[in-house]
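Under the working numbering, think of the first position of the sequence shown as 240, with each following residue one higher.
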Amino acid sequence: MAYQIYSHTLPSATPGTQRAIKVHHFGERGARPKVYLQAGLHADEWPGFLVLNELLKKLKQVDEEGLIKGEIVVVPVANPIGLSQNFHCYIPGRFAFSEGGGNFNRNWPQLGESVEKRVRSTISQDQEENIRLVRAAIKDELIQLGEQTELQGLKKTLLALSMDADEVLDLHCSGEACMHAYVAQEFEEHFRPLLNLIGAKVALSELETGAHSFDETNVSVWRHLKAHFAHLVPWGARSLTLELRGENDISKAYAEQDAQALYDYFVLRDVVETETGENKDTVLLNDTLEKDHKDSVVYYPLDAMDLVKAPCAGIVCYEKNIGDNVEAGEVIGDVVSLTDDDVDQSSYPLVARTNGVLFARLQRRLVIRGESIAKIAGKEHLAYREVGHLFEDK
Numbered sequence: 240m241a242y243q244i245y246s247h248t249l250p251s252a253t254p255g256t257q258r259a260i261k262v263h264h265f266g267e268r269g270a271r272p273k274v275y276l277q278a279g280l281h282a283d284e285w286p287g288f289l290v291l292n293e294l295l296k297k298l299k300q301v302d303e304e305g306l307i308k309g310e311i312v313v314v315p316v317a318n319p320i321g322l323s324q325n326f327h328c329y330i331p332g333r334f335a336f337s338e339g340g341g342n343f344n345r346n347w348p349q350l351g352e353s354v355e356k357r358v359r360s361t362i363s364q365d366q367e368e369n370i371r372l373v374r375a376a377i378k379d380e381l382i383q384l385g386e387q388t389e390l391q392g393l394k395k396t397l398l399a400l401s402m403d404a405d406e407v408l409d410l411h412c413s414g415e416a417c418m419h420a421y422v423a424q425e426f427e428e429h430f431r432p433l434l435n436l437i438g439a440k441v442a443l444s445e446l447e448t449g450a451h452s453f454d455e456t457n458v459s460v461w462r463h464l465k466a467h468f469a470h471l472v473p474w475g476a477r478s479l480t481l482e483l484r485g486e487n488d489i490s491k492a493y494a495e496q497d498a499q500a501l502y503d504y505f506v507l508r509d510v511v512e513t514e515t516g517e518n519k520d521t522v523l524l525n526d527t528l529e530k531d532h533k534d535s536v537v538y539y540p541l542d543a544m545d546l547v548k549a550p551c552a553g554i555v556c557y558e559k560n561i562g563d564n565v566e567a568g569e570v571i572g573d574v575v576s577l578t579d580d581d582v583d584q585s586s587y588p589l590v591a592r593t594n595g596v597l598f599a600r601l602q603r604r605l606v607i608r609g610e611s612i613a614k615i616a617g618k619e620h621l622a623y624r625e626v627g628h629l630f631e632d633k
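(1) To the nearest angstrom, report how far apart residue 434 and residue 254 are at their CA atoms.
(2) Report the option in 381, 592, 560 whose CA atom is closest to the CA atom of residue 566.
(3) Quick one: Cα of residue 560 to Cα of residue 475, how far?
(4) Could you pull out every residue in the same chain whose Cβ sits closer than 7 angstroms to the Cβ of residue 299, ignoring the five residues on either side in sequence?
(5) If you compare alpha carbons, which of 423, 453, 419, 432 is closest to residue 440?
(6) With hydrogens ignored, establish whether the beta-carbon of residue 609 is closer than 7 angstroms to any heavy atom of the ligand PLP.
(7) On the three-state DSSP scale, how would you describe residue 374?
(8) Given a cut-off of 8 angstroms, decide if residue 380 and residue 353 are closer than it, judged by their beta-carbon atoms.
(9) Is the beta carbon of residue 410 closer than 8 angstroms to that of residue 287?
(10) State the beta-bridge partners of residue 254 as determined by DSSP.
(11) For the pair the region 537-555 and the region 573-586, tell me if three or more CB-CB distances fall below 8 angstroms.
(12) What is the DSSP secondary structure of residue 415, reduced to helix, strand or coil?
(13) Can the beta-carbon of residue 376 be found less than 8 angstroms from the beta-carbon of residue 358?
(14) Hey, out of 294, 509, 395, 265, whose CA is closest to residue 318's CA?
(15) Residue range of the alpha helix (DSSP H) that residue 303 falls in?
(16) For residue 316 versus residue 279, is the C-beta distance shorter than 8 angstroms?
(17) Applying the criterion that 16 or more other CB atoms from any shown protein chain within 10 Å of the CB defines a buried residue, is residue 273 buried or exposed?
(18) Between residue 282 and residue 332, how many whole angstroms is the CB-CB distance? I'm expecting something under 8 angstroms.
(19) Where DSSP assigns a beta bridge to residue 540, which residues make up the other side?
(20) In three-state terms, what does DSSP make of residue 319?
(21) Would you give the residue range spanned by the beta strand (DSSP E) that residue 557 belongs to?
Here you go:
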């Protein structure tokens, strides 16, 4: 099948309005491996838009040359609902204004139990057949999902596009940050080549965050089934959230660099060939790519990540920069209260609670008392970090 562009129309939320999700499709339907990519689920996070725009240029070229072996689905603008939140030239984009105002990347439908009921009597010793059965059951369950509202339609559409993929890459960013990722513990080694190619030195390793985010939801069925059937149900999907530095780290140079890394990863995973008609040895190709990119990524447990909170409302001033190593007890900055009577005593320190790397912080400098304004990746579990509740902004 040639390169195709098509649109999925969402349910109309109000009279006279209707939004659509545009999808770019490469390769034959059902070809393996299938890779799904999207950007802008948090509609205030824009670097991924430009990265996927550059990636599409590369994919169009190799598609014309007949080099796409697998199936690639790209959704460069995943959340038109969030992008419509334009208030005097400011786009909040992170939380829905309808259905409780929840975070767009939280509380996605969980299908594990219902899929298990469909397949439990037909699971066999044939792993490949089991994968096929599970994917068929997932498809049937997705059809049953409601789409009475625009937001439900958005979630159903994106899951229908992604949940049969072998790999799901969800592109985000932080306020100010270095390149990093959130990766399920089970996939640390699988995604190590990608993170090295794209230059991530920090990755947060998670098991169960409790957030039911998009990337977790795409693997939740498989995780649920593996708990019941172990090796009989292999991983039919692997996913990660890739954080493309900070909100303002947007340039053609960054986009070209990151798109090339994603393209190289497709070659590594045998989704794209290098030259028409050549029978490349995949093992040698993998070795070459891995040697050209130093293994620099370090995995840090998500429950060891220190969330530095503002001790008061005011203006934050940082003494440490993104990427700096810090020690427990070290002051990384302070918040200046604007209403204290004694201006000589109006600065309140921000103290690190772990040894690690300051990898992200809030871009806004006027902060609210008690909000998380910086993140430090550490190695030791922190008592106040509760497994199953590792993301705060529900």
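Where is the CB? At the ideal position from N, CA and C, for every residue including glycine.
Considering the structure as presented:
(1) 44 angstroms
(2) 592
(3) 39 angstroms
(4) Cβ within range, chain order: 242.
(5) Ranking 423, 453, 419, 432 by Cα distance to residue 440 puts 419 first.
(6) What this structure holds is no ligand at all, so the ligand PLP is not there to describe.
(7) Assigned with DSSP and collapsed to three states, residue 374 falls in helix.
(8) Yes, Cβ-Cβ distance for residue 353 and residue 380 is below 8 angstroms.
(9) yes
(10) Answer by DSSP bridge pairing: none, since residue 254 is not bridged.
(11) yes
(12) strand
(13) Taking C-beta atoms as the reference points, residue 376 and residue 358 count as a pair closer than 8 angstroms.
(14) 395
(15) 286-303
(16) yes
(17) Residue 273 sits buried, since 16 or more C-beta atoms from the chains shown fall within 10 Å of its C-beta.
(18) 3 angstroms
(19) Answer is 444, bridged to residue 540.
(20) helix
(21) 553-557
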